[in-house]
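Position one of the sequence shown corresponds to residue 95 (the working numbering), numbered consecutively onward.
To start, the structure itself, in structure tokens.
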Amino acid sequence: MPSLHSAVHIVGMTTPFITPVSLATCVEQSLHLSLDGFDLPRARLYGISIVDAEGVAKMDNGALRITFLAEHGDVYELLESPTSAIVRMFDAAVVLTCGWA
Numbered sequence: 095m096p097s098l099h100s101a102v103h104i105v106g107m108t109t110p111f112i113t114p115v116s117l118a119t120c121v122e123q124s125l126h127l128s129l130d131g132f133d134l135p136r137a138r139l140y141g142i143s144i145v146d147a148e149g150v151a152k153m154d155n156g157a158l159r160i161t162f163l164a165e166h167g168d169v170y171e172l173l174e175s176p177t178s179a180i181v182r183m184f185d186a187a188v189v190l191t192c193g194w195a
């Protein structure tokens, strides 16, 4: 199974009970289950809503709600896009890239 450790970046956590490592691990597990491979031609931005803070550490199914927000061929243009500002409404943000960012 490929790993996302170098490509998943957690930004702006607002829930104090969850460590960045446990959140990143839970997000990675959820993305592995939902995406068909990791040969993505474009960078993706996701918003993360924490549904069950205790379930995150146990990687319980349904502990997180992961919302796809946008994608772009250039990760910097993705992040600079005005539409990417909506990510501030979530508990955390994930930027997913494959290959060079």
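We treat Cβ as the ideally placed atom computed from N, Cα and C, and that holds for glycine.
- In the DSSP assignment, residue 161 falls within the unbroken beta strand (DSSP E) covering 158-166.
- Assigned with DSSP and collapsed to three states, residue 145 falls in coil, not helix or strand.
- If the five residues before and after residue 173 are omitted, its C-beta is found closer than 8 Å to the C-beta atoms of 139, 189, all from its own chain and listed in chain order.
- Listed in chain order, the non-local C-beta contacts of residue 180 below 8 Å within the same chain comprise 141, 163, local neighbours out to five positions each way being set aside.
- The alpha-carbon of residue 171 is positioned some 13 Å away from that of residue 191.
- The three-state reading of DSSP puts residue 182 in helix, counting H, G and I together.
- The shortest C-alpha to C-alpha distance from residue 116 to any of 136, 168, 158, 137 is the one to 158.
- Going by beta carbons, residue 111 and residue 147 fall inside the 8 Å limit.
- Excluding the 5 residues flanking it on each side, residue 175 has same chain C-beta neighbours closer than 8 Å at 164, 166, in chain order.
- Less than 8 Å separates the beta-carbon of residue 145 from that of residue 156.
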